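Shown next, in structure tokens, is the structure this report addresses.
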């Protein structure tokens, strides 16, 4: 049976993305953090793909991972 991924902190997600993009600078981390909090996560929450709690700054998939995997593969994010 497939399971949803566990919740992670917004900061950990931003750090992971910065490292994955091979730009682990503090400035890039801050930019990612801001973009996630103010743009990407609210949109993904509206589409009911993630649960994003602004107060606790935690993010969790709201759907099974298998729902988003084909789109991540298409975008070149295999193994995510």
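Residue numbers (my numbering): 842 to 921.
A virtual CB, placed ideally from N, CA and C, is assigned to each residue, including glycine.
Small disclaimer: the values here were computed from a predicted structure and weren't measured.
request  = Just confirm the distance between the C-beta atoms of residue 851 and residue 885, as a whole number of angstroms; I'd bet it's less than 8 angstroms.
outcome  = Incorrect: roughly 12 angstroms between the Cβ atoms, too far for contact.
query = Going by the beta-carbon positions, is the gap between residue 890 and residue 874 smaller than 9 angstroms?
reply = no
key: residue 900, buried or exposed, once every other Cβ within 10 Å from all chains shown has been counted against 16   = buried
message = In chain order, what are the residue ranges of uninterrupted beta strand (DSSP E) at least 3 long that sit wholly in the stretch 848 to 881?
response = none
query = Is residue 882 near residue 867, with beta carbons less than 9 angstroms apart?
reply = no
request  = Could you tell me which residues DSSP pairs with residue 915 in its beta bridges?
outcome  = Looking at the DSSP assignment, residue 915 forms no beta bridge with any residue, so it has no partner.
key: Buried versus exposed, by CB contacts within 10 Å (16 or more), residue 861   = exposed
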